[in-house]
Amino acid sequence: MNPAVTFPQPSRRVLPGFGLSLGFTLTYLSIIVLIPLAAAFLKTAGMSWGEFVAAVASPRVLASYRLSFLASMAAGLVDVFFGLIVAWVLVRYSFPGRRIIDALVDLPFALPTAVAGIALTTIYAKHGWVGRWLEPHGIKVAFTEIGVFVALTFIGLPFVVRTLQPVLMELEPEIEEAAASLGASRWKTLTRVILPELTPALLTGFALAFARALGEYGSVVFISGNMPMRTEIVPLLIITKLEQYDYRGATAIAVVMLVASFLMLLLINLLQKWSRRYHRV
Amino acid sequence: MAAIVANSLGSQPPPTAAPRATHDPFWVRWTLTAVALLFVLFFLVLPLAAVFTEALRKGVGAYFAAVRDPDAIASIKLTLIAAGIAVPANVVFGVAASWAIAKFHFRGKSLLTTLIDLPFAVSPVISGLIFVLVFGLQGWFGGWLAEHDLKVIFAVPGIVLATTFITFPFVARELIPLMQSQGSDEEYAAITLGASGWQTFWRVTVPNIKWGLLYGIILCNARAMGEFGAVSVVSGHIRGETNTMPLHVEILYNEFNSVAAFAVASLLALLAIFTLVLKAFIEWRHAASRR
Chain C
3 MNPAVTFPQP SRRVLPGFGL SLGFTLTYLS IIVLIPLAAA FLKTAGMSWG EFVAAVASPR
63 VLASYRLSFL ASMAAGLVDV FFGLIVAWVL VRYSFPGRRI IDALVDLPFA LPTAVAGIAL
123 TTIYAKHGWV GRWLEPHGIK VAFTEIGVFV ALTFIGLPFV VRTLQPVLME LEPEIEEAAA
183 SLGASRWKTL TRVILPELTP ALLTGFALAF ARALGEYGSV VFISGNMPMR TEIVPLLIIT
243 KLEQYDYRGA TAIAVVMLVA SFLMLLLINL LQKWSRRYHR V
Chain V
-15 MAAIVANSLG SQPPPTAAPR ATHDPFWVRW TLTAVALLFV LFFLVLPLAA VFTEALRKGV
45 GAYFAAVRDP DAIASIKLTL IAAGIAVPAN VVFGVAASWA IAKFHFRGKS LLTTLIDLPF
105 AVSPVISGLI FVLVFGLQGW FGGWLAEHDL KVIFAVPGIV LATTFITFPF VARELIPLMQ
165 SQGSDEEYAA ITLGASGWQT FWRVTVPNIK WGLLYGIILC NARAMGEFGA VSVVSGHIRG
225 ETNTMPLHVE ILYNEFNSVA AFAVASLLAL LAIFTLVLKA FIEWRHAASR R
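Pasting the structure below:
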């Protein structure tokens, strides 16, 4: 007999617990996540097409899609711009307090959204620390669309910074040296060499911030003022319908949002795959 | 060529062209740092400072009166109960899922990993709504629950379920990549030397993953205690009964009781600061152990 065949192979037989751990994982996943999510889709399956369209495409609902989409887009773009600067400064420069700033970037993850919401509202209200300087110039932030945008910018920042930081750290200085030694100016090196390297990470960070902003509720409801047709975001509309016992209407809007979020999740996975392949080369 | 030889002999100063090429000019450094600091100041430092300033606006006495209010204490208790059930449940799940995914090969593994991340993609409000659809009065089990006089929605079980859903991926997400990168060699060695499965798990695997596990737990806990949207849908907002801390903050704030709202909020902000400090400490430990 060939000795190589009898040699124990590291296979699933060697370590115990495969059935137990996978069985538990699948059961728990089904009970907590999959079955409840299926309930939303099955609930709308009981609606007629006309009912569904009336629920998800009424003028008030369309206005909330518009606001959620545009404010999330604007917040994501601003986060990409300032997130890139913050990540760049944190990775490339050293200055006193750098580690504190680095830790502070995660604040929007750690601070409960309701707390962030009331704090931002207080700051940007008429007599608040920032609001009192803006109001005399006719800029109203609290209880307007701009307030929604401010809250979503707060929520999205860490997604961009934390996606960019590891990529910036692994960026090899040799590439920049090569560009410089071939006669490129610093600006040209930045726009032609560094930024293209960062593109997948920038897109991923934007998509993560945008996806989070679409569903965000707690930090927005306090600062938005919640005026129908003007400052109502989609998640708030779902709550409003629920409070009126319009379960079908609420679920129909939720299904539209769920489909949008799943598409974003798919896009983010593809972006991350692309970015990983991009950096292995 | 000559420069390289000369340099290796240490007779010439290092060339100055390379640093200038990869380093930004002084004014660029200064401007970018200032922009970054200003942005962080306006968007991160000011909200945090506002919480404590507003909480102490009427002095320490008013602050402690608000924190000691019976409804506030009831909300703190409920928050501790919800997190006390949701976090351990998700820790057990996270360990089981990462053991299955990191130690074994099976079909559909990447699908399973994606499904575990699913709750992160769902809006908090929808996370609450789906439990209303399952357990609410008009939901799948609503009739059966009403017959047996059991309440899930607008009661504590609903709050626990919604919190568990929201914090579902945190621990698994930290542990899966960690255990995959560590491989299974140490576990094989333990089993080959005659250790039982549980012995291997407790004596070999757990010590290896303890920092990653702790990291996942603190992030999971911060989110569990601070969750607002999902809990808001299933709670019913009954004062002293089904209000968690974030919901209590909302009620006080909407009643224009700003000092009390920010006082309770300051406890949550302290939790957030504690979480960030512990997180930074774990990252520092991890970096030190890799070096």
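Chains as they are written, first to last, in my numbering: chain C, 3 to 283; chain V, -15 to 275.
No residue lacks a Cβ here, since even glycine has one placed at the ideal position from N, Cα and C.
### Query
Nearest CA to the CA of L252 of chain V: which residue from V:F48, V:E211 and V:P103?
Looking up residue 252 of chain V in the second sequence gives position 268. Among V:F48, V:E211 and V:P103, the Cα nearest to that of L252 of chain V is on V:E211.
### Query
Does any C-beta atom of chain C lie closer than 8 Å to the C-beta of R13 of chain V?
Sequence index remark: in the second sequence, residue 13 of chain V carries index 29 (1-based). Chain C, which has a Cβ nearer than 8 Å to the Cβ of R13 of chain V, makes this yes.
### Query
In angstroms, rounded to a whole number, what distance separates the CA positions of L64 of chain V and L166 of chain C?
On the second sequence, residue 64 of chain V is found 80 positions in, with the first residue counted as 1. On the first sequence, residue 166 of chain C is found 164 positions in, with the first residue counted as 1. Whole-angstrom Cα-Cα distance: 35 Å.
### Task
Less than 8 Å between the CB atoms is what I'm expecting for L109 of chain C and A256 of chain V, so what's the real figure, rounded?
Walking along the first sequence from the start, residue 109 of chain C turns up at place 107. Walking along the second sequence from the start, residue 256 of chain V turns up at place 272. With a Cβ gap of about 7 Å, L109 of chain C and A256 of chain V count as contacting.
### Query
Taking the alpha-carbon positions, what's the N1 of chain C to K45 of chain C distance?
With chain C covering only 3 through 283, there is no way to say anything about residue 1 of chain C.
#### Entry: Rounded straight-line distance, which links the Cα of W276 of chain C to that of L170 of chain C
Taking the first residue of the first sequence as position 1, residue 170 of chain C is located at position 168. Taking the first residue of the first sequence as position 1, residue 276 of chain C is located at position 274. Their backbone Cα atoms lie some 16 Å apart in a straight line.
### Query
Just checking my contact of F246 of chain V with A39 of chain V at CB under 8 Å: how many whole Å lie between their CB atoms?
As a first step, residue 246 of chain V is located in the second sequence; it is residue number 262 there, counting from the start. As a first step, residue 39 of chain V is located in the second sequence; it is residue number 55 there, counting from the start. With a Cβ gap of about 4 Å, F246 of chain V and A39 of chain V count as contacting.
#### Entry: Same chain, Cβ closer than 6 Å to T15 of chain V, neighbours up to 5 away in sequence not counted
Within the second sequence, residue 15 of chain V is the residue found at index 31, counting from 1. Closer than 6 Å at Cβ, skipping near neighbours: no residue.
### Task
Starting from the beta carbon of I87 of chain C, find every residue of chain V whose beta carbon is closer than 8 Å, and list them in chain order.
Taking the first residue of the first sequence as 1, we reach residue 87 of chain C at position 85. Neighbours of I87 of chain C on chain V, chain order: L16, V19, A20 and F23.
#### Entry: Local conformation of H221 of chain V per DSSP, three classes
Here residue 221 of chain V corresponds to residue number 237 of the second sequence, with the count starting at 1. Note: H221 of chain V maps to coil in three-state DSSP.
### Exposed unless 16 or more other CB atoms sit within 10 angstroms - verdict on F125 of chain V
In the second sequence, residue 125 of chain V corresponds to position 141, counting from 1. By the beta-carbon neighbour count (other beta carbons within 10 angstroms, threshold 16), F125 of chain V is exposed.
### Task
Compare the C-beta of A271 of chain V against all C-beta atoms of chain C and say whether one is closer than 8 Å.
Within the second sequence, residue 271 of chain V is the residue found at index 287, counting from 1. No, no contact with chain C.
### Query
Is there contact between the segment 81 to 88 of chain C and the segment 150 to 159 of chain C, where contact requires at least three CB pairs shorter than 8 Å?
yes
### Burial state of T17 of chain V, where buried means 16 or more other Cβ atoms lie within 10 Å
Mapped onto the second sequence, residue 17 of chain V falls at position 33. By the neighbour-count rule (16 or more Cβ atoms within 10 Å), T17 of chain V is buried.
### Task
Please compile the residues from chain V whose C-beta is within a distance smaller than 8 Å of the C-beta of T253 of chain C.
Against the first sequence, residue 253 of chain C aligns to sequence position 251. Result: L113 and L117.
### Query
Among residues of its own chain, excluding the 5 on either side of T123 of chain C, which ones have a beta-carbon nearer than 7 Å to its beta-carbon?
Residue numbering aside, residue 123 of chain C sits at position 121 when the first sequence is read from its first letter. A144, F224 and I225.
### Task
Would you tell me roughly how many angstroms separate the C-alpha atoms of I235 of chain V and I240 of chain C, rounded to the nearest one?
Walking along the second sequence from the start, residue 235 of chain V turns up at place 251. Walking along the first sequence from the start, residue 240 of chain C turns up at place 238. Approximately 19 Å between the Cα atoms of the pair.
### Query
When the cut-off is 8 Å and only beta carbons count, does I110 of chain V lie next to chain C?
Position 126 of the second sequence, counted from the start, is the residue given in the question as residue 110 of chain V. Put simply, the CB of I110 of chain V is near chain C, with a gap under 8 Å to one of its CB atoms.
### Query
Cβ of G210 of chain V less than 8 Å from any chain C Cβ?
What you label residue 210 of chain V is simply residue 226 of the second sequence in a count that begins at 1. Yes, G210 of chain V counts as interfacial toward chain C.
### Task
Return the residues of the segment 180 to 200 of chain V that lie within a Cβ-Cβ distance of less than 9 Å from chain C, sorted by chain order.
S180, G181, W182, T184 and F185
### Through-space distance from W189 of chain C to V2 of chain C, alpha-carbon basis
Because chain C spans 3 through 283 in this model, residue 2 of chain C falls outside it and cannot be assessed.
### Task
Taking F77 of chain V as the query, report the chain C residues whose CB atoms sit under 9 Å from its CB, ordered along the chain.
Residue numbering aside, residue 77 of chain V sits at position 93 when the second sequence is read from its first letter. Under the 9 Å cutoff, chain C gives F26, T27, Y30, L31 and I34.
### Task
Using only alpha-carbon positions, find the residue among V:F104, V:A105, V:G142 and V:E131 that is nearest to L117 of chain V.
Within the second sequence, the letter at position 133 stands for residue 117 of chain V. The candidate whose alpha carbon is nearest that of L117 of chain V is V:G142.
#### Entry: P61 of chain C: first and last residue of the uninterrupted alpha helix (DSSP H) it sits in
Here residue 61 of chain C refers to the residue found at position 59 when the first sequence is read from its first residue. Its alpha helix (DSSP H) spans residues P61 to R94.
### Task
Could you spell out the range, first to last residue, of the alpha helix (DSSP H) harbouring R101 of chain C?
Walking along the first sequence from the start, residue 101 of chain C turns up at place 99. R100 to L106 is the extent of the alpha helix (DSSP H) around R101 of chain C.
### Query
Going along the chain, which residues of its own chain have a beta-carbon closer than 6 Å to the beta-carbon of F154 of chain V, five neighbours each way excluded?
Position 170 of the second sequence, counted from the start, is the residue given in the question as residue 154 of chain V. So the qualifying residues of the chain are G200, L203 and C204.
### Query
When you check each C-beta in the segment 77 to 111 of chain C against every C-beta of chain V, which residues fall closer than 8 Å?
F84, I87, V88, W90, V91, L92, R94, Y95, F97, R101, I103, D104, A105, L106, V107, D108, L109, P110 and F111
### Message
Check this for me: beta carbons of A67 of chain V and M229 of chain V, under 8 Å apart or not?
### Response
As a first step, residue 67 of chain V is located in the second sequence; it is residue number 83 there, counting from the start. As a first step, residue 229 of chain V is located in the second sequence; it is residue number 245 there, counting from the start. Not in contact: A67 of chain V and M229 of chain V (Cβ atoms no closer than 8 Å).
### Query
Around the C-beta of K61 of chain V, are 16 or more other C-beta atoms found within 10 angstroms, so that it is buried, or is it exposed?
Numbered from its first residue, the second sequence carries residue 61 of chain V at position 77. Result: exposed.
### Inside the segment 188 to 247 of chain V only - alpha helix (DSSP H) runs reaching at least 4 residues
190 to 210, 213 to 219 and 229 to 238
### Query
Distance, Cα to Cα, I222 of chain V vs S111 of chain V?
The sequence position of residue 222 of chain V within the second sequence is 238, counting from 1. The sequence position of residue 111 of chain V within the second sequence is 127, counting from 1. Each residue's Cα considered, the two are about 20 Å apart.
### Task
With a threshold of 16 other CB atoms inside 10 Å of the CB of S96 of chain C, please say whether the residue is buried or exposed.
Sequence index remark: in the first sequence, residue 96 of chain C carries index 94 (1-based). It is exposed - the Cβ of S96 of chain C has fewer than 16 other Cβ atoms within 10 Å.
### Query
Given a threshold of 16 other Cβ atoms within 10 Å of its Cβ, counted over all protein chains shown, does F90 of chain V qualify as buried or as exposed?
Sequence index remark: in the second sequence, residue 90 of chain V carries index 106 (1-based). It is exposed - the Cβ of F90 of chain V has fewer than 16 other Cβ atoms within 10 Å.
### Task
Determine the contact status of M266 of chain C and A211 of chain C, defining contact as a CB-CB distance below 8 Å.
Sequence index remark: in the first sequence, residue 266 of chain C carries index 264 (1-based). Sequence index remark: in the first sequence, residue 211 of chain C carries index 209 (1-based). No, these two residues do not count as a Cβ contact at 8 Å.
### Task
Given a cut-off of 8 Å, decide if L99 of chain V and L31 of chain C are closer than it, judged by their beta-carbon atoms.
Here the question's residue 31 of chain C lines up with position 29 in the first sequence. Here the question's residue 99 of chain V lines up with position 115 in the second sequence. Their beta carbons are under 8 Å apart, which means L31 of chain C touches L99 of chain V by this criterion.
### Query
What whole-angstrom Cβ distance do T27 of chain C and A81 of chain V have, given they're in contact under 8 Å?
Here residue 27 of chain C is taken as the residue at index 25 of the first sequence, counted from 1. Here residue 81 of chain V is taken as the residue at index 97 of the second sequence, counted from 1. About 4 Å separates the two Cβ atoms, so the contact holds.
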